[in-house]
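Visitor: Those protein sequence lines, which keep their order, are chains L and P.
Position in the first sequence (from 1) plus 2 gives the number in the numbering used here.
Going by the numbering used here, 69 is the number at position 77 of the second sequence; the sequence numbering is gapless.
The C-beta atom is built at its ideal place from N, Cα and C for all residues, glycine as well.
One structure follows; several queries about it will come next.
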Amino acid sequence: MPPAKSPALRPSHLPPVELYRPADLGELLAHAADGVHLLAGGTDLVVWASQCGEPRRLAWIGSIDQLQTLDITSDRAHIGAAVTLSRIVRSGQFRSLAPAVVDGAAVVGSVQLRNQATLVGNVCTASPGGDTIPALHVHDAALDIVSAAGDRRSVKISDFVHGPGQTGLNTGEVVTGVTLRGLGQREGSAFSRFTQRNALDLAIASVAACLSFESDGRTVARAHLSMGAVGPTVLDADEAARSLVGHPLEPARLRNCADLTAECCRPITDHRASADYRRQLVRTLTMDVVDAAAERAIPGWLAVEAP
Amino acid sequence: MQVTLRVNGKLSEVPPSFIGRRLLDYLRAELGLTGVKEGCGEGDCGACTVLVEGQPMCSCLLLTGVLDGREITTIEGLPETFLAQFSAACAEYGAVQCGYCTPGIAVMAAWLQAGGSEVSAQPITKLLEGNLCRCTGYQQIIEALSALQ
Ligand SMILES: Cc1cc2nc3c(=O)[nH]c(=O)nc-3n(C[C@@H](O)[C@@H](O)[C@H](O)COP(=O)(O)OP(=O)(O)OC[C@H]3O[C@@H](n4cnc5c(N)ncnc54)[C@H](O)[C@@H]3O)c2cc1C
Ligand code: FES
Ligand code: FES
Chain L
3 MPPAKSPALR
13 PSHLPPVELY
23 RPADLGELLA
33 HAADGVHLLA
43 GGTDLVVWAS
53 QCGEPRRLAW
63 IGSIDQLQTL
73 DITSDRAHIG
83 AAVTLSRIVR
93 SGQFRSLAPA
103 VVDGAAVVGS
113 VQLRNQATLV
123 GNVCTASPGG
133 DTIPALHVHD
143 AALDIVSAAG
153 DRRSVKISDF
163 VHGPGQTGLN
173 TGEVVTGVTL
183 RGLGQREGSA
193 FSRFTQRNAL
203 DLAIASVAAC
213 LSFESDGRTV
223 ARAHLSMGAV
233 GPTVLDADEA
243 ARSLVGHPLE
253 PARLRNCADL
263 TAECCRPITD
273 HRASADYRRQ
283 LVRTLTMDVV
293 DAAAERAIPG
303 WLAVEAP
Chain P
-7 MQVTLRVNGK
3 LSEVPPSFIG
13 RRLLDYLRAE
23 LGLTGVKEGC
33 GEGDCGACTV
43 LVEGQPMCSC
53 LLLTGVLDGR
63 EITTIEGLPE
73 TFLAQFSAAC
83 AEYGAVQCGY
93 CTPGIAVMAA
103 WLQAGGSEVS
113 AQPITKLLEG
123 NLCRCTGYQQ
133 IIEALSALQ
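Rendered as structure tokens:
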């Protein structure tokens, strides 16, 4: 019998791509203006290129020093576009400033993935279930963008992501980093997601919360809630957040807030979960993350509340 | 563009045809380091795990051209003494069946033994999330790796 024909290249094999390694931002912008796709950690892009053979021309941002900075001050952080998730997870200083973002970064993929993937790449992929995005919402993050002409603009994350895989980035523009607000006094933040597997799985639903308390340590001063994987983009649950403000965080109020997030989310039914199931998850996750954020704001807050 | 890597301690200049290809392809097809396995080619299984500057990464998602000047370690480059301990532990706990995931696990085990972690007090199960095994059910692997620490 003749030997079986050797199989064609498996579809996941990456056809050779044309790779550029710009030395500075100017060169990178010139490539972007020329329609070359930007390559950060490649954990999305190399998978796409392997599966569909597109894009074929890539400019790597990792060789540009100024995009490598992770700049942390007492009240804000700037995360350069080439900063990996593992650098974020490992930074104790960053964890104190924006714990919800660390919660999100820490569940992306695996150790190997986090060593490669960037935070900015996670945002630019604009997946409704991107695990760092809800936390960036509640930390009032903004994308720092520069155009081919050198013009700079800053875009709030909620305005940046337009739909699944769609961002407000114009051709030729490059994201240089993300700037976010750090926690203030008596303020805490947290993120949690639900997945079918414990790892290497995309969120069925996720919620992030950031809340601060008045000087009495009981009354909620400010609240921000954001939900992932239950709409075409990450959604803010403004009404639910407002319902907490000006009141002590009592169990009945927390339950009511969780009901409001479940009402305002816009989940779909797909092969991973039904819309109804996602709604229930949003309710439960809201209780969890508000609780966790409050605990980070005022350690032992539950004890404070006990009658 | 010139790209030179240090693979398992040896300098190797990457031919232009491999600069825009995956590190996995370069290691296997050009350098013959076939201990590095391709399971999924999509970052899911960890069979292709190598150390880049001492940190585990998926060689199926790295383009060779972005690694200029970097030190790469594959299972072939792990110290003999470590490999002896690793295989003894695998034999004792039954941590290898078909063996396809084993090179990736070995690289992770070497990283763990060298003190690898992301934050303090992470259990091995968390650190091995990126390494799939279709045979053992993991328990034996976790036991073998715990014994090695
Ligand atoms: C096995 C596996 C598991 C995963 N699990 C999760 C998970 O649990 N949760 C999750 O949220 N994600 C998950 N992901 C996806 C996650 O790894 C990516 O979203 C990652 O964060 C993207 O970053 P990157 O640096 O790899 O980006 P790349 O893949 O390099 O780029 C992604 C996109 O962003 C664009 N881009 C990158 N940088 C810039 C810039 N500076 N300016 C403009 N555009 C830019 C690129 O052009 C590209 O379109 C997983 C991926 C894999 C392969
Ligand atoms: S082959 Fe690289 S992770 Fe599966
Ligand atoms: S031993 Fe077969 S995949 Fe792990």
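1) Cβ of LEU53 (chain P) less than 7 Å from any chain L Cβ?
2) Can you confirm whether ALA10 (chain L), when its beta carbon is compared against all beta carbons of chain P, has any partner nearer than 7 Å?
3) What whole-angstrom Cβ distance do LEU27 (chain L) and ALA34 (chain L) have, given they're in contact under 8 Å?
4) If I'm right that ILE135 (chain L) touches VAL163 (chain L) with Cβ under 8 Å, what's the distance once you round it to whole angstroms?
5) Would you say GLU20 (chain L) lies against chain P (beta-carbon separation less than 7 Å)?
6) What beta strand (DSSP E) runs, 3 residues minimum, are completely inside the segment 21 to 108 of chain P?
7) Does the segment 27 to 40 of chain P come close enough to the segment -7 to 0 of chain P to have 3 or more Cβ pairs within less than 8 Å?
8) ASP146 (chain L): buried (16+ other C-beta within 10 angstroms of its C-beta) or exposed?
9) Distance check for VAL111 (chain P) and TYR130 (chain P), CA to CA, integer angstroms please.
10) Let me know the secondary structure DSSP gives GLY248 (chain L) once reduced to three states.
11) Can you pull out the residues from the segment 100 to 130 of chain P whose beta carbon lies closer than 7 Å to at least one beta carbon of chain L?
12) Count the other CB atoms, across all protein chains shown, that sit within 10 Å of the CB of CYS54 (chain L); report buried if there are 16 or more and exposed otherwise.
13) Determine whether the Cβ of ILE300 (chain L) lies closer than 7 Å to any Cβ atom of chain P.
14) Taking PRO48 (chain P) as the query, report the chain L residues whose CB atoms sit under 8 Å from its CB, ordered along the chain.
15) When you compare the CB of THR45 (chain L) with every CB in chain P, is at least one pair closer than 7 Å?
16) Just the Cα atoms here: how many angstroms apart are GLU135 (chain P) and ARG199 (chain L)?
17) Could you name the residues, in chain order, whose CB is less than 5 Å away from a heavy atom belonging to ligand 3?
18) Within 10 Å of its beta-carbon, does GLU175 (chain L) have 16 or more other beta-carbons around it, so buried, or fewer, so exposed?
19) Find the residues of chain P that neighbour LEU16 (chain L), judging by a C-beta separation of less than 7 Å, and give them in chain order.
20) Just how far apart, CA to CA, sit VAL157 (chain L) and GLY122 (chain P)?
21) Does the pairing of the segment 227 to 242 of chain L with the segment 262 to 280 of chain L give three or more beta-carbon distances under 8 Å?
22) SER88 (chain L) touches chain P at which residues, Cβ-Cβ below 7 Å?
23) Between L:GLN114, L:LEU21, L:LEU60 and L:VAL103, which has its C-alpha nearest ALA143 (chain L)'s C-alpha?
24) Give a yes or no on whether 7 Å exceeds the smallest Cβ distance from LEU202 (chain L) to chain P.
25) Quick one, are the C-beta atoms of ALA192 (chain L) and ALA295 (chain L) less than 7 Å apart?
26) So, are the CB atoms of VAL19 (chain L) and GLY12 (chain P) less than 7 Å apart?
27) Is there a C-beta anywhere in chain L that falls below 7 Å from the one on GLY61 (chain P)?
28) How would you list, in chain order, the residues of chain L whose beta-carbon sits under 7 Å from the beta-carbon of GLY35 (chain P)?
29) Give the secondary structure of LEU40 (chain L) by DSSP, where H, G and I count as helix, E and B as strand, and everything else as coil.
30) List the residues that DSSP assigns as beta-bridge partners of SER1 (chain L).
31) Any idea which residues DSSP pairs VAL196 (chain L) with across the strands?
Guide: In brief:
1) yes
2) Residue placement at ALA10 (chain L) is poorly supported in this model, since its pLDDT is 46, which falls under 50; the coordinates still yield a value, given next. False, the Cβ-Cβ gap to chain P never drops below 7 Å.
3) That pair is no contact at about 10 Å.
4) That belief holds up - the Cβ atoms of ILE135 (chain L) and VAL163 (chain L) are roughly 7 Å apart, short of 8 Å.
5) Closer than 7 Å: yes.
6) 41 to 44, 47 to 50 and 63 to 65
7) no
8) Looking at its Cβ environment, which holds 16 or more other Cβ atoms inside 10 Å, ASP146 (chain L) is buried.
9) 22 Å
10) Three-state DSSP puts GLY248 (chain L) in coil, outside helix and strand.
11) GLU110, VAL111, LEU119, GLU121 and GLY122
12) exposed
13) no
14) VAL113, GLN114 and ASN117
15) Interface criterion met: the Cβ of THR45 (chain L) is under 7 Å from a Cβ in chain P.
16) 21 Å
17) P:GLN89, P:CYS90, P:TYR92, P:CYS93, P:CYS125, P:ARG126 and P:CYS127
18) Residue burial annotation: GLU175 (chain L) is buried, with at least 16 other C-beta atoms found within 10 angstroms of its C-beta.
19) ARG13 and ARG14
20) 34 Å
21) yes
22) GLU110
23) L:VAL103
24) yes
25) Going by beta carbons, ALA192 (chain L) and ALA295 (chain L) fall inside the 7 Å limit.
26) Taking 7 Å as the Cβ cut-off, VAL19 (chain L) and GLY12 (chain P) qualify as a contacting pair.
27) no
28) THR45, VAL49, GLY111 and LEU115
29) strand
30) Not covered by the structure: residue 1 (chain L). The range shown for chain L is 3 to 309.
31) Here residue 196 (chain L) turns out to be Phe, not Val, going by the sequence shown. L:ALA207, per the DSSP bridge assignment.
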